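Below is one structure, written out as structure tokens; the observations come after it.
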Amino acid sequence: MSVESELLLTPEHRFAKIIEQTRNEDGSELSILNLGPTHPATHGIFQNILLMDGERIVDAEPTIGYIHRAFEKIAENRPFYQINVLTDRMNYCSSPINNMAWWMTVEKLLNIEVPKRAQYLRVIVMELARITDHLICNSILGVDTGAYTGFLYVFQFREKVYEIYEEICGARLTTNMGRIGGFEREWSEEAFRKLNVFLEEFPVAWKEFENLFERNRIFIDRTVDVGPISAEKAMQYGFTGPNLRAAGIDYDVRKAAPYSSYDDFEFDVPVGKSGDTYDRFCVRNAEVWESLRIIRQALDKLPEGPIHADVPDYYLPPKEDVYTNMEALIYHFKIVMGEVPVPIDQIYHAVEGGNGELGFYLISDGSRTPYRLKMRRPCYIYYQAYTEMIKGGMLSDAIVILSSLNVIAGELDA
Amino acid sequence: MALETTYIQEKLSSKFGNKVLNFEMQRDIFSFEATSDIIHEVIKTLKEDESLNFHFLTDLAGIHFPDNDDEHQFSVVYQLHNWIENVRIRVRTYLPENPEIQTITDLFLCSNWMEREAWDFYGINFIGHPQLKRILNMDEMVSHPMRKEFPLEDSGRTDKDDRFFGRTVANK
């Protein structure tokens, strides 16, 4: 008998035995509920098998890997400049952060100093991405508590950010933005104009969004003291980002190990107290304001200068140069054919992603592809705490907890 | 006073002798090697010693080195972080064929899924792990696909001619 058919014959889950052995005093019994894999409330493809006592969750078992793409395996077979397209698709709510994190890792390996202007522009685009990430997370949390309006209201601003991305790189969702050493081309005037319009209009809407939820009786009832996690536990579970800061620890990679000129800007790290769903919501709200603050500073202080580092050995030249300039054509060929040397080294580079510390551990053996690329995906690391967070709670709480953790299936499974 | 790398080295060397070795700065991260039989103790010391206080496990990665000698076929790399002093450290240990190593799930809860991932992709057996089963790949799979002997694509594919895609036997 094949393995598959054996599995089909014995479909019982380990919870089945527990149900068989447990009987409540009133004669009722426990039951299994599949939350997902494709359920609107999971916002992604992953399954939670719940053991339920009425509406109360007794135990849970998460199953992930439904959209696993073998990111690391593919990356180990591709040259550095081709790996960028793989990073877009992880946390697709904030792809530019993944893009920039990858380029910065490569630049660290190759000892490339990026010009100040490119660094500032990277900061702007990363903070825009953080805003969209938090915007989606918080507005979807609103939807999960029954408030659809807030989501529709702020969602238009994600579209506006996408239009800015479009001006910068031509793509909206899977941005594939940047190059080794900076950007491909100078940002257009239209990009800056759209950015300024966004900076004018968005804060008004965000303030209203905050007012809609932060003192809303129903929202508070659904989120305060729901899925709390202590600072100690959060650290044990490897939490970073807003989920950790909601528990009261002010760890932020932008402050702890500033990259891309983050130390040039003034911003605060918002922290919560109890680490419950409401705190996670508020921390994200506050971070959006800080991101706006950073973008304004970066725009005010934006230096003149080149848009990319002068490293022709690694920087893929723009297409118009390749078609018209012999030097550019030669460099293009050299890079694509993998003729340029790469140092043998081990690098770990981390950035503050939308969800927390996003890190790349890269081992280079001198060839054009990484020997080993391990990615620290914040979602993957803290999703394992979900089981503990929902145990003993109601089913409806499990939905909002999942939402407030901001688990993105693309990043979880990679 | 900031946590000095020489202090970390002295502290560990005095406790574990020559079982901790090859201390070096790998770019901005201080790293060293520990033998696999004491790795649990080393991580425990790094975490619980008050003067070291590496209380946060950033990452755990498995690596395959098929070209190494028999005793160094696999590696597990731990990256730890002391937030108070803001110091990162990297500990690596090498394992032979049929790799086995003690779990650190009793020290860091987050290592649970990281170790399951290393088992799934590299077949590294973490002894004492509470639920060592595949996590991202399907349960019925028999191989550990991140090992270097497994090529990226199914080599039996006949629906395309590799010559037209720039692929050779070497880079497949």
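As you go down the protein sequences, you meet chains C and S in turn.
Residue numbers are given in my numbering: position 107 of the first sequence equals residue 107, and the series is strictly consecutive.
Residue numbers are given in my numbering: position 25 of the second sequence equals residue 25, and the series is strictly consecutive.
Note that CB positions come from ideal geometry on N, CA and C, so glycine has one too.
Model, not experiment: these values are computed from the prediction.
For residue i, which of helix, strand or coil comes out of DSSP?
i, result
"Pro-79 (chain C)", "coil"
"Ser-291 (chain C)", "helix"
"Arg-147 (chain S)", "coil"
"Arg-193 (chain C)", "helix"
"Gly-392 (chain C)", "coil"
"Met-1 (chain C)", "With a pLDDT of only 43 at Met-1 (chain C), under 50, the local geometry of the prediction cannot be trusted, and the value read off the model is given with reservation. Coil at Met-1 (chain C), not helix or strand."
"Phe-219 (chain C)", "helix"
"Glu-352 (chain C)", "strand"
"Gln-236 (chain C)", "helix"
"Phe-126 (chain S)", "strand"
"Tyr-259 (chain C)", "coil"
"His-40 (chain S)", "helix"
"His-39 (chain C)", "strand"
"Asn-111 (chain C)", "coil"
"Met-141 (chain S)", "coil"
"Arg-23 (chain C)", "coil"
"Val-497 (chain C)", "Given a span of 1 to 414 for chain C in the structure shown, any question on residue 497 (chain C) remains unanswerable."
"Arg-56 (chain C)", "strand"
"Thr-63 (chain C)", "strand"
Taking the DSSP output, what are the residues bridged to residue i?
i, result
"His-308 (chain C)", "C:Gly-182"
"Lys-374 (chain C)", "C:Tyr-361"
"Ala-61 (chain S)", "S:Val-77"
"Asn-82 (chain S)", "S:Val-87"
"Glu-247 (chain S)", "Beyond the ends of chain S as shown, which are 1 and 172, falls residue 247 (chain S); an answer cannot be given."
"Met-25 (chain S)", "S:Phe-30"
"Gly-426 (chain C)", "Since the first residue of chain C shown is 1 and the last is 414, residue 426 (chain C) is not available in this structure."
"Phe-94 (chain S)", "According to the sequence displayed, residue 94 (chain S) carries Tyr and not Phe. Tyr-94 (chain S) pairs with S:Ser-75."
"Gln-9 (chain S)", "Looking at the DSSP assignment, Gln-9 (chain S) forms no beta bridge with any residue, so it has no partner."
"Val-20 (chain S)", "S:Ala-34"
Among the residues of its own chain, which have a CB less than 6 Å from the CB of residue i, if the five just before and after it don't count?
i, result
"Gly-44 (chain C)", "Ala-409"
"Ile-168 (chain C)", "Trp-187 and Ala-191"
"Phe-30 (chain S)", "Thr-5 and Ile-89"
"Ile-136 (chain C)", "Cys-93"
"Met-114 (chain S)", "Leu-60"
"Leu-212 (chain C)", "Gly-150"
"Lys-374 (chain C)", "Tyr-361"
"Val-85 (chain C)", "Asn-176"
"Phe-209 (chain C)", "Gly-150 and Val-154"
"Phe-239 (chain C)", "Tyr-382"
"Asp-397 (chain C)", "Val-226"
"Ile-131 (chain C)", "Val-288 and Ser-291"
"Thr-22 (chain C)", "Leu-30"
"Asp-250 (chain C)", "Val-269 and Val-271"
Skipping 5 residues on each side, what residues in its chain have a beta carbon closer than 7 Å to that of residue i?
i, result
"Met-389 (chain C)", "Gly-227, Ile-229 and Ile-401"
"Met-1 (chain C)", "Since pLDDT at Met-1 (chain C) reaches only 43, below the 50 mark, its modelled position is unreliable, and the value read off the structure follows with that caveat. Cβ neighbours of Met-1 (chain C) beyond the five flanking positions: none."
"Gly-338 (chain C)", "Pro-79 and Arg-368"
"Phe-108 (chain S)", "Leu-57"
"Pro-37 (chain C)", "Ile-45, Phe-46, Gln-47 and Tyr-66"
"Pro-242 (chain C)", "Arg-280, Val-283, Arg-284 and Glu-287"
"Ile-399 (chain C)", "Ala-41 and Asp-144"
"Glu-149 (chain S)", "Pro-66"
Looking only at its own chain, which residues have a Cβ that is under 8 Å from the Cβ of residue i, when we skip the five neighbours before and after it?
i, result
"Glu-85 (chain S)", "Ala-2, Leu-3 and Asn-53"
"Ile-101 (chain S)", "Ser-36, Ile-39, Val-76, Thr-93, Leu-95, Ile-124, Asn-125, Phe-126 and Ile-127"
"Ala-118 (chain S)", "Leu-60, Ala-61, Gly-62, Val-76, Ile-124 and Phe-126"
"Gly-393 (chain C)", "Arg-56, Ile-57, Val-226, Gly-227 and Ile-401"
"Asn-32 (chain C)", "Note that residue 32 (chain C) corresponds to Ile in the displayed sequence, not to Asn. His-13, Phe-15, Ala-16, Ile-19, Ile-49, Leu-50, Leu-51 and Met-52."
* **Cβ-based contacts, 8 Å cut-off: residues of the segment 48-70 of chain C near chain S** => Ile-64, Gly-65, His-68 and Ala-70
* Asked: Are the segment 302-311 of chain C and the segment 102-117 of chain C touching, with three or more C-beta to C-beta distances below 8 Å?
  -> yes
* Asked: In the segment 55-66 of chain S, which residues sit with their C-beta less than 7 Å from some C-beta in chain C, listed in chain order?
  -> His-55, Phe-56, Leu-57, Thr-58, Asp-59, Ala-61 and Ile-63
* Asked: Using a Cβ cut-off of 7 Å, which residues of the segment 92-124 of chain S contact any Cβ in chain C, in chain order?
  -> Phe-108, Leu-109, Cys-110, Asn-112 and Trp-113
* Contact between the segment 391-405 of chain C and the segment 139-150 of chain C: three or more CB pairs below 8 Å? -> yes
* Within 7 Å of chain C by C-beta, residues of the segment 132-153 of chain S in sequence order -> Ile-135, Leu-136, Asn-137, Glu-140, Pro-145, Met-146 and Leu-152
* Asked: Does the count of Cβ pairs from the segment 118-126 of chain C and the segment 284-300 of chain C closer than 8 Å reach three?
  -> yes
* Asked: Of the residues that make up the segment 41-54 of chain S, which ones have a beta carbon closer than 7 Å to any beta carbon in chain C?
  -> none
* Closer than 7 Å, Cβ to any Cβ of chain S: which residues of the segment 366-389 of chain C, in chain order? -> Arg-372, Lys-374, Arg-376, Tyr-380, Ile-381 and Gln-384
* Asked: Of all the residues that make up the segment 207-241 of chain C, which are near chain S by a beta-carbon distance shorter than 7 Å?
  -> Met-235, Gln-236, Tyr-237 and Gly-238
* Cβ contact check for the segment 14-33 of chain S and the segment 320-338 of chain C: 3 or more pairs under 8 Å -> no
* **Inter-stretch contact at 8 Å, needing at least 3 Cβ pairs: the segment 248-261 of chain C / the segment 348-358 of chain C** => yes
* **Sufficient close CB pairs (3 or more, under 8 Å) joining the segment 46-60 of chain C to the segment 151-158 of chain C** => no
* Residues of the segment 344-357 of chain C whose Cβ lies closer than 8 Å to any Cβ of chain S, in chain order -> Asp-345, Gln-346, Ile-347, Tyr-348, Ala-350 and Glu-357
* Asked: Just by C-beta distance, which residues in the segment 256-271 of chain C are closer than 9 Å to chain S?
  -> Ala-256 and Ala-257
* Pull out every residue of the segment 4-20 of chain S whose Cβ sits closer than 9 Å to any Cβ of chain C, in chain order. => none
* Taking a cut of 8 Å between CB atoms, which residues from the segment 70-92 of chain S lie near chain C? -> Val-77, Gln-79, Trp-83, Asn-86, Arg-88 and Arg-90
* **Positions along the segment 11-44 of chain C whose CB lies within less than 9 Å of some CB in chain S** => none
* For the segment 19-33 of chain S, which residues have a CB atom closer than 7 Å to at least one CB atom of chain C, in sequence order? -> Gln-26, Arg-27 and Ile-29
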